[in-house]
Amino acid sequence: MNNTIKFVQGNEACVEGALYAGIDFFAGYPITPSTEIMELLAARLPERGGKFIQMEDEIASMCAIIGASLTGRKAMTATSGPGFSLKQEAIGYACMTEIPCVIANVQRGGPSTGNPTHVSQGDVNQARWGTHGDHSIIALTASNHQDVFEMTVDAFNLAETYRTPVILLFDEAEGHMREKLVVPAEGELEVVSRLRTSLGRDVDYHPYLPREDGRLPMSDFGGEHRFNVTGLFHDMWGFPSNNPKVIRELLRHIVDKIENNVHEITRYKEHYMEGAEYVMVSYGSSARSAIHLAKARRARGEKIGVLELQSIWPFPVEMVREKCAGAKAVLVVEMNLGQVAAQVKAAVTEPERVFLANRIDGKLITPEDIKIYIRVIQGRGV
Amino acid sequence: MAVKDYLRQRFFPHMWCPGCGHGTILNSLIRAIEGLELKPHEIVMTSGIGCSARISGYVNVHSLHTMHGRALACATGVKLSRPHLKVLVPMGDGDALAIGGNHFIHAARRNIDLTAIVMNNRIYGMTGGQFSPLSGVGIKATTAPFTTIDNSFDVVELAKAAGASFVARSTAFHVKECKDILKKAIEHKGFSVVEILSQCPTHYGRKNKEGDAASMLEFQKKMTAKIGSKALQENPNLIARGIFVDLDKAEYCTEYEKIIDSVMKEKV
Amino acid sequence: MKHIRLVFSGSGGQGVITAAIILAEAAVMYEGLEATQSQSYGAAARGGATRSDIILSDEQINFPGVVQPNILVCLTQEAYNLYSTIIRPGGTLITDSRYVTTTKKVNARQTELPMYDAVMEEIGKPIVFNICVLGALVGATELLRPESLLKAIRDKVPKDFVELNERAFDLGLSLAGETQG
């Protein structure tokens, strides 16, 4: 099979990515600006024997994909701000029970109902800390449709590899805009299958005993092995335990399996970074404006580059520190009040050189907006 | 297979209080499963949070102990993914009808093939005796020191109105009847609801001066009567027991399979 | 290098967005170009001024918003009043003469065409007005090949309506041809 060229919305690129990754199950609830994802999957999933269900609310959608994933299906839901808030309890359950699943959050303005049809990147910290208790999470993002596709495939792959919920942090501008997407031929991108236990029926299977590499082979609900799944702290059989050692080791495990693999999980791109004196750190649709500006400036000989983050959580501290090391100033371009900027400040050796170039009014930040910030930092005035 | 083989015996004695009705319900439930000769690996038991929810840990099947109120939503994902599995969903009264009320009515509306078992002791036991949406008016609870003014749901009427195709009620006292009803509920193709009156002597009984477990069971016997019985005709204040609804109605997973079939055929 | 920025504007229900999508899709699918299409959502899409931004380029497009369009299409007076000032000096501004009265103050090549009236006269179906606009746009600017647009139209519209839309497109093409005459 050959590559297929399409002209689609970002939300459809996400759907194509999910299908490429082998999605079997989707549960969702309508919410702007992510609804196109569920509408398209309602049509596409049954074509390949997959299942789609519109649930009664956001909470139920998250719960349904957890149930589906446990039976061995690749499962996903999609939502936006208010729905993402409602899903947090069940996202924490998936972290605790180590059930792979993918949650696309097409960000809109918040808090509360906020600005449903306009862009924002205000859910960065919610993706990290939305659910209660210590835990870790993987969150990916993308600035163009090709990357939306690839990050969606990656999200399924990482969910299966690390047995964890993975958040896709897209945004309204990217979700609704239309542009070209090339759907790669089958086999061109890696698709990770679930790691299943090879133990036979009569062998004692420990669903929550990590292998030496930290991974836990799964056994499908309905399959050979019967075990318990609970959101309580649990032992290697999955049964509730309040043994201090069991609690400590489980919590360490669900955090370490992700934090110890930051390097493997980190995804980023560099644009015009050779010898960059000024580095713009950006992601999602904001990065498009940063790249636009860097390109125009580079054409005039100015050394301004863009470090585009494609994985935000776990935050790639070392990579960011290294890439920003030689910069006169680092400008974090985002559409919130500095959620990634705070991470960048914490990562670099000279946080006083980190500045925020943002926009929070529901409008996509423009190259002109960023230009003004740069001129001010450079002491040139507007 | 012997009845006790359906249990994870290493977790006994169970964690419920002395005199609690939940253990008796577990007894009826595994006898119903045994009677149907179901294999443990064909059964998924999904529960929520609360005293009732601990039931899933004791049964040697695929057991999924979820979040408060979310048992039916998780079970929906399991069932739609693997329709050949028998999915049993025991819940408490607060679990099923307060925090999980929305999932309850919508699972009923879809008529998805799940067996919802409402273990109704009219109180939140795990958290120490707060009133539930099934407590009713005039009940004492830690959150109703001056007695409740909240009306209660009638689970049977609610399930009927929401579209459940099998609706029944029994009690912890009527062990055999309970087992027989559960058997029919599990066999039923579609969303089945079985409300089972249970007793919580620790919280409900003590606060409301209903005596010990034995007298609470006595109450279940005295205050209920079979559908169509003379006792019920003579005293409409009694709570009716038995099967209220048993309909043959389009089931959700079956209907979805039809969509898949027709869409795939169209594509070919 | 080809890099053209367009803004389509009008009111909800005129098919402004659909026309924008068809144009951008034709560029990507049938001319090997890059294109982005974005639009305003919410109340503005329901009867107020509707706007869609399109960029066509032979390079990767980053910022998808249009600040100064090379080509501006205004299908209502409100849209004209709102957007005619943003056009790039010397750009092309296409308006429908039934809906828009132009002013001399705009620094652009203004092309007023009786597209709506022609559609009603020749075809009698206002629903294909937007396709006629596309025909006129391509006729007046030679932005893309007419065949590319016709292919994209066939991809988009239901089979029974293809012929109707083709006629509307041709009508637009010839209207533009007449003025360029």
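Chains as they are written, first to last, in my numbering: chain A, 1 to 382; chain B, 383 to 650; chain C, 651 to 831.
Ideal Cβ positions, reconstructed from N, Cα and C, are used throughout, including at glycine.
With distances taken from CA atoms, which of the options is nearest residue i?
i         : options                                       : result
ILE291(A) : MET151(A), VAL306(A) and ASN261(A)            : VAL306(A)
ILE736(C) : LEU763(C), VAL723(C) and LYS809(C)            : VAL723(C)
LEU540(B) : ASP532(B), ILE563(B) and ALA550(B)            : ALA550(B)
ASN2(A)   : ILE258(A), GLU186(A) and GLY362(A)            : GLU186(A)
LEU418(B) : LYS566(B), LYS649(B), LYS608(B) and ASP630(B) : LYS566(B)
LEU516(B) : ARG588(B), ALA544(B) and SER580(B)            : SER580(B)
ILE137(A) : GLN126(A), VAL182(A) and ASN144(A)            : GLN126(A)
CYS433(B) : ALA457(B), LEU408(B), CYS456(B) and ILE415(B) : LEU408(B)
ARG492(B) : THR509(B), GLY510(B), ARG504(B) and LEU454(B) : LEU454(B)
PRO776(C) : GLY665(C), HIS653(C) and VAL657(C)            : GLY665(C)
ASP594(B) : GLY624(B), LYS640(B) and GLY403(B)            : GLY403(B)
LYS477(B) : HIS570(B), GLY520(B), VAL537(B) and ASN442(B) : Contrary to the premise, residue 477(B) reads as Asp rather than Lys in this sequence. Of the candidates HIS570(B), GLY520(B), VAL537(B) and ASN442(B), the one whose C-alpha sits nearest the C-alpha of ASP477(B) is VAL537(B).
PHE25(A)  : MET55(A), ASN336(A), ARG380(A) and ASN11(A)   : MET55(A)
VAL102(A) : ILE360(A), ARG375(A), LYS323(A) and ARG73(A)  : ARG73(A)
SER828(C) : GLY698(C), GLU762(C), ILE803(C) and ILE773(C) : First, the residue type needs correcting, since residue 828(C) is Glu and not Ser in the sequence shown. Measuring from the Cα of GLU828(C), the nearest candidate turns out to be GLU762(C).
ALA607(B) : LEU620(B), ILE437(B) and GLU600(B)            : LEU620(B)
THR509(B) : THR525(B), ILE521(B) and VAL519(B)            : THR525(B)
LYS542(B) : LYS640(B), ALA489(B) and GLN512(B)            : ALA489(B)
ARG392(B) : ASN442(B), GLY483(B), HIS585(B) and GLU416(B) : ASN442(B)
MET383(B) : LEU420(B), ALA457(B) and PHE626(B)            : LEU420(B)
ARG817(C) : THR791(C), ILE705(C) and GLY774(C)            : GLY774(C)
PRO764(C) : LEU725(C), ARG738(C) and GLY740(C)            : LEU725(C)
TYR749(C) : ALA729(C), SER734(C) and PRO739(C)            : ALA729(C)
LEU168(A) : ALA13(A), ARG252(A) and GLY223(A)             : ALA13(A)
PHE779(C) : GLU792(C), GLY698(C) and THR745(C)            : THR745(C)
Give the C-beta separation of residue i and residue j to the nearest angstrom, bearing in mind that I take them to be a contact with Cβ-Cβ under 8 Å.
i         : j         : result
THR79(A)  : ASN105(A) : 6 Å
VAL348(A) : SER286(A) : About 19 Å; that fails the 8 Å criterion.
ASP147(A) : GLN310(A) : 7 Å
LYS603(B) : ARG413(B) : Actually they are not in contact, since the Cβ atoms of LYS603(B) and ARG413(B) sit about 20 Å apart, beyond 8 Å.
ARG44(A)  : VAL15(A)  : 7 Å
THR117(A) : PRO33(A)  : 6 Å
GLY439(B) : HIS450(B) : With a Cβ gap of about 16 Å, GLY439(B) and HIS450(B) do not count as contacting.
ILE499(B) : ILE578(B) : 6 Å
GLU675(C) : ARG795(C) : Incorrect: roughly 14 Å between the Cβ atoms, too far for contact.
VAL426(B) : VAL460(B) : 5 Å
PHE457(B) : VAL469(B) : Rather than Phe, the amino acid found at residue 457(B) in this sequence is Ala. Indeed they touch by this definition, with Cβ atoms about 5 Å apart.
In the DSSP output, which residue or residues are listed as bridge partners for residue i?
i         : result
THR79(A)  : ASN105(A)
GLY305(A) : VAL279(A)
SER429(B) : HIS447(B)
ARG226(A) : Partner(s): none; ARG226(A) has no beta bridge.
GLN643(C) : Residue 643(C) lies beyond the residue range present for chain C, which begins at 651 and ends at 831; the question has no answer from this structure.
PHE513(B) : ILE505(B)
LEU722(C) : VAL657(C) and LEU743(C)
MET218(A) : ARG196(A)
ARG178(A) : GLN9(A) and GLN687(C)
Is residue i near the ligand ADP, with its Cβ less than 6 Å from a heavy atom?
i         : result
ASN228(A) : With respect to the ligand ADP, the structure shown offers nothing to examine, as it has no ligands at all.
Which chain E residues sit within Cβ distance under 8 Å of residue i?
i         : result
GLU828(C) : In summary, chain E is missing from the structure at hand, where the protein chains are A, B and C.
- Item | Near-chain A residues of the stretch 753-779 of chain C - C-beta to any C-beta below 7 Å | Within the stretch 753-779 of chain C, not one residue has a Cβ closer than 7 Å to any Cβ of chain A.
- Using Cβ-Cβ distances below 9 Å, what residues of the stretch 56-88 of chain A are close to chain B? Within the stretch 56-88 of chain A, the residues whose Cβ lies closer than 9 Å to some Cβ of chain B are GLU56, ASP57, ILE59, ALA60, SER61, MET62, CYS63, ALA64, ILE65, ILE66, GLY67, ALA68, SER69, LEU70, THR71, GLY72, ARG73 and ALA75, listed in chain order.
- Query: the stretch 227-247 of chain A: which residues have C-beta closer than 8 Å to a C-beta of chain B, in chain order?
  - Reply: Here the close residues are PHE227, ASN228, VAL229, THR230, GLY231, LEU232, PHE239 and PRO240.
- Item | Short-range partners of chain A found in the stretch 424-445 of chain B, where Cβ spacing is below 7 Å | Those would be VAL426, GLY439, ASN442, VAL443, HIS444 and SER445, in chain order.
- Query: With a cut-off of 8 Å, do at least 3 Cβ pairs link the stretch 708-724 of chain C to the stretch 22-40 of chain A?
  - Reply: Contact between the stretch 708-724 of chain C and the stretch 22-40 of chain A is absent, because fewer than three Cβ pairs lie under 8 Å.
- the stretch 166-197 of chain A: positions lying closer than 9 Å to chain C by Cβ: Answer in chain order: GLU172, ALA173, HIS176, MET177, ARG178, GLU179 and LYS180.
- Using 8 Å as the Cβ pair cut-off and three pairs as the minimum, do the stretch 317-335 of chain A and the stretch 89-106 of chain A touch? With a cut-off of 8 Å, the stretch 89-106 of chain A and the stretch 317-335 of chain A do not count as touching, because too few Cβ pairs lie within range.
- Task: Check whether the stretch 170-180 of chain A touches the stretch 199-218 of chain A, taking contact to mean three or more Cβ pairs, one atom from each stretch, closer than 8 Å.
- Result: Of all C-beta pairs linking the stretch 170-180 of chain A to the stretch 199-218 of chain A, fewer than three are shorter than 8 Å, placing the two stretches out of contact.
- If we count Cβ pairs, one from each stretch, closer than 8 Å, do we get three or more for the stretch 263-283 of chain A versus the stretch 142-161 of chain A? Contact holds between the stretch 263-283 of chain A and the stretch 142-161 of chain A, because three or more Cβ pairs, one in each stretch, are under 8 Å apart.
- Taking Cβ-Cβ distances below 7 Å as the criterion, which residues of the stretch 5-38 of chain A are in contact with chain C? Within the stretch 5-38 of chain A, the qualifying residues are ILE5 and PHE7.
- Message: For the stretch 662-679 of chain C, list every residue whose C-beta sits within 7 Å of some C-beta in chain A, in sequence order.
- Response: From the stretch 662-679 of chain C, only ILE671, ALA674, GLU675, VAL678 and MET679 have a Cβ closer than 7 Å to chain A.
- Query: Closer than 8 Å, Cβ to any Cβ of chain C: which residues of the stretch 349-370 of chain A, in chain order?
  - Reply: Cβ contacts with chain C come from LEU364, THR366, PRO367 and GLU368.
- Within the chosen definition, does the stretch 785-795 of chain C reach the stretch 820-827 of chain C through at least 3 CB pairs nearer than 8 Å? Yes, they touch.
- Going along the stretch 464-496 of chain B in order, which residues come within less than 7 Å of chain A, judged by CB to CB distance? Answer set for the stretch 464-496 of chain B: ARG464, LEU467, ASN484, HIS485 and HIS488.
- Task: Mind checking the stretch 611-640 of chain B against chain A and listing, in chain order, the residues whose C-beta falls within less than 7 Å of any C-beta there?
- Result: From the stretch 611-640 of chain B, only TYR638 have a Cβ closer than 7 Å to chain A.
- Task: Scan the stretch 263-292 of chain A for residues whose Cβ lies nearer than 7 Å to a Cβ of chain C and list them as they occur along the chain.
- Result: Within the stretch 263-292 of chain A, the residues whose Cβ lies closer than 7 Å to some Cβ of chain C are ARG288, SER289, ILE291 and HIS292, listed in chain order.
- Message: Closer than 9 Å between beta carbons: that is the criterion. Which residues of the stretch 714-748 of chain C meet it against chain A?
- Response: Those would be PRO714, GLY715 and VAL717, in chain order.
- Item | Residues of the stretch 88-119 of chain A whose Cβ lies closer than 8 Å to any Cβ of chain B, in chain order | So the list reads GLU89, ALA90 and TYR93, given in the order they occur along the chain.
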